[in-house]
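This note's numbering applies: residue 54 is where the sequence shown begins, and numbers increase by one. Here the structure comes first, spelled out in structure tokens, and everything after it is commentary.
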Amino acid sequence: MKEKWYRNGLAKGILVTLAHVMAVLLVISMIWILACPSAVENVLEDRDMNYEESQDMSSQMLWDSMDILSGIRAKEVFETDGVYDGEKIVDVKKFNDTGIIDGTNQSGLAYKLEDLVDWAEDYYANNCDSYSDYGNAPEDAIIVCSKPDKTYEYYFYSELKKKIDDGELRFVMESEDMTAYDILQQLKEGNWYEGSSDTSKAVLDADNQVKYVDCWNYDGYWIEEKYAPVDAKSILEIANNNPEWNGKLSQAYDAIGIALGILDSESDMYDSVLNYFTDGNTNLIYLYADKEAKKVYTNQEQYQKYESLEDSVKSIKAAGKYVAVNPKLADFESNIQSVTADSWHHQVGASGPAEDFEFVVALDTSYPVQDAYYYARENYQQISGNIGGMLVMGIISAVILLVSVVWLTAVAGRRPEDEELHLHPFDRWKAEIAAALVIGVWIGVVMLAVEGMGYTSRHVSYSSGGTMVYHQLTDLEPFTLVLGGIIGFVTCMAFLIGYLSLVRRIKAGTLWKDSFLRWLIIKMRILMRHLPIIWKHMIIFILFVFSQFLLWTTGEFLFVVIGLASDAAAFIYILYQAVGRKRIREGIMHIAGGEVDYKIPLDGLRGDQLEIAERVNSIGEGLDAAVEASMKNERLKTDLITNVSHDIKTPLTSIINYIDLLKRENIQDEKIQGYLDVLEAKAQRLKTLTEDVVEASKVSSGNITLECMNLNLVEMVQQTSGEFAEKFE
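Next up, the structure:
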């Protein structure tokens, strides 16, 4: 079988090993290439590999510029005359609509800036704790009261209870059966809704005048107050006294929640991003000039004077690679080849706080600070220096891997010694289950490896003020490449196991036969075919599950009773079924053992078990009748054979004797002598047949006993050969 060496185990082992090695090399080369895709472009376009001209650097400068502009916008929010102003008044509604904090309270709902910032930090530290209805509200719920003039007044539960206890207010419905405390509890628990009853729910004051026509539990969105608004003790006080917010408590809480979210983000920008991009912490130099306000924002002290703006811009441009953006796209300027003017102009214009501005950002290419750009440049040089070799290695690995897979596909399930298809035990598994196992193991291992790679990538991230600042280039540490190799190895292994099993199944024609879907369809057909029999049991099962669901979810006394009753009924039903099955099983064993007259006791059996027991009993009666009829038939056949044999043997004996007498007469006629020989042979043959019929009758009736003895096989063969020697000749 030398001509089929390509099928043997050694060849397959070499191919599998080669495929795994190529997969590892392919993934490593891909990680290397993807870590710096712009370097690949330089190789393909035969350009010099320079980080300062790469898309990676220009993209990072754009992202950092967006952060810088967000921080500048945050300075406008948090500062007054360039100094943080925690006492600044924030009109929540105006801030949400315009993003402006001008220190005035126009809508009536306002807070101090430092209060909102601290509140936002606490709010998001506690995962945005808020309440949407009485079901998850604090102990001190909010009660809404409607006045006769269709305005509203809001109380915390404790406040309303105190007024009731002090006699300032009382419910019209108060009675011995329904006390004020009972009504308050219903209000607090949300069981007394607005308009839920035709009975008056009015609240009277101390002079027995109707103060409120209705009261109910507030079920809108709200958050627990950490700080008091400006000129008020609480949001409820503003909603009670300010016509703009009366009846709009939910909108007030919504506005505060939105403001907290905005300020939390702005605070991060203000505290962290701008602190990171300061002189001595970064090689990035920026200047943003608000020409309307004649203000300059920069991280270099020597560029802070607006009067020296033109000289400052020229100095920044001379520092290295720069981008200069103005309101007009025609004024855009940059000495970086990979920069896209339209993208920068759009992003800077949308992110900056002013309409008339000048923004210039430059990277000091002498890299005096070992910041993210410094390390990105180091990584870029490391990666780009080997990018050509990695690209070639990736292409060669992909080609060899493809050839190996094609080869393994052709010889899957084949051996050199025969043409049969050989399946592995794994190929007998249900196709879907096998696929799920392979894919699941692959996903689990790859996720762990990717998580490890993500952990190593955080080594190039820098923290300032508690905020992580991420950069695009990945530091290709050896551990990252090792994890990439593991991903390639596991991916190749999982692919070959699943793919080659699929190929063998297709070749053997067992893909559908051994599929879980086919098994499920067959079982569903069986289920549908037996549906007339099992539908009652299915309904009982569904009702039982539903009762258990009510038992464990509601906790209501009635449902608990129903659930426990269904449990007891199920237990009793199982016991009856077990006893019935045992009784039927014993009856079948008795009848199968020959006791065809055995009867299964029917007392206590119900439904299908009673019907089965009755049928088994009728089977016993039928078997008894059948056995008796069979024995009678056997006796008749035996008697018939015996009588017929006797009747045949009597005349046959006479015929044989008369033939013998005729032969003794010395008849000379040869023709007559021939007739006698024929008659004698046929008579002897008929005698043998008659004896055989009698013997067969004895054997079928069991009247013959067989005796076992040793035989001389050689002697028996010689005797048989001698008897047929003449015919053999």
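Built from N, CA and C at the ideal position, the CB exists for glycine as well.
Checking the DSSP bridge columns, you'll see N270 partnered with I196. A679 has its alpha-carbon roughly 17 Å from the corresponding atom of I641.
Around H475, the same chain offers G466, R468 as residues with beta carbons nearer than 7 Å, after the five sequence neighbours per side are excluded. Non-local beta-carbon contacts of I550 in its own chain, meaning distances under 6 Å to residues more than five positions away in sequence, involve V491 in chain order.
The Cβ atoms of V283 and I142 lie closer than 7 Å to each other.
Under the 10 Å beta carbon count, V378 is surrounded by 16 or more other beta carbons and is classified as buried. Within a 10 Å sphere around the beta-carbon of S228 sit fewer than 16 other beta-carbons, which makes this residue exposed. Taking C-beta atoms as the reference points, V543 and S111 fail to come closer than 7 Å.
For I142, the three-state secondary structure derived from DSSP is strand. In this structure, the beta-carbon distance from V256 to L222 falls below 7 Å. With a cut-off of 8 Å on Cβ pairs, the region 156-170 is not in contact with the region 416-432, counting fewer than three such pairs.
Secondary-structure assignment with DSSP links E132 through a beta bridge to Y137.
Short of 6 Å from the beta carbon of A736, and not among the five residues preceding or following it, lie these beta carbons of its own chain, in chain order: I708, I709.
Here V77 is buried. Its C-beta has 16 or more other C-beta atoms within 10 Å.
The beta carbon of Y651 sits closer than 8 Å to the beta carbons of G640, H643, I644, G673 from its chain, once the five residues preceding and following it are set aside; these are given in chain order. In the same chain as V136, and ignoring 5 residues on each side of it, no C-beta atom comes closer than 6 Å to its own.
The Cβ-Cβ distance between Y356 and L340 falls below 7 Å.
The bridge partners DSSP lists for G373 are D417.
In the assembly as shown, G220 is an exposed residue. Its beta-carbon has fewer than 16 other beta-carbons within 10 Å. Here the alpha carbon of L729 sits roughly 21 Å from the alpha carbon of T743.
Nearest neighbour of V376 by Cα position, chosen from F412, A403, D332, turns out to be F412. For A465, the secondary structure class from DSSP, reduced to helix, strand or coil, is coil. If the five residues before and after F410 are omitted, its C-beta is found closer than 7 Å to the C-beta atoms of Y341, A342, D343, K344, P380, all from its own chain and listed in chain order. Checking the DSSP bridge columns, you'll see V649 has no partner listed. Cα atoms of A394 and D120: separation of roughly 18 Å, rounded to the nearest angstrom. In this structure, S82 sits near M443, with a CB-CB distance shorter than 7 Å. Boundaries of the beta strand (DSSP E) harbouring Y205: 205-209, taken from the DSSP string. By DSSP's assignment, K348 forms a beta bridge with D343. Here DSSP, grouped into helix, strand and coil, assigns L169 to helix.
The alpha helix (DSSP H) runs lying completely inside the region 267-319 and spanning 4 residues or more are 288-294, given in chain order. In this structure, L162 sits near I291, with a CB-CB distance shorter than 7 Å. Around the beta carbon of W565, fewer than 16 other beta carbons lie within 10 angstroms, which makes this residue exposed.
For D258, the enclosing beta strand (DSSP E) begins and ends at 256-258. T351 counts as buried, since at least 16 other C-beta atoms from the protein chains shown sit within 10 angstroms of its C-beta.
I217 and A194 have their alpha carbons spaced roughly 16 Å apart. DSSP, read as helix, strand or coil, puts K264 in strand.
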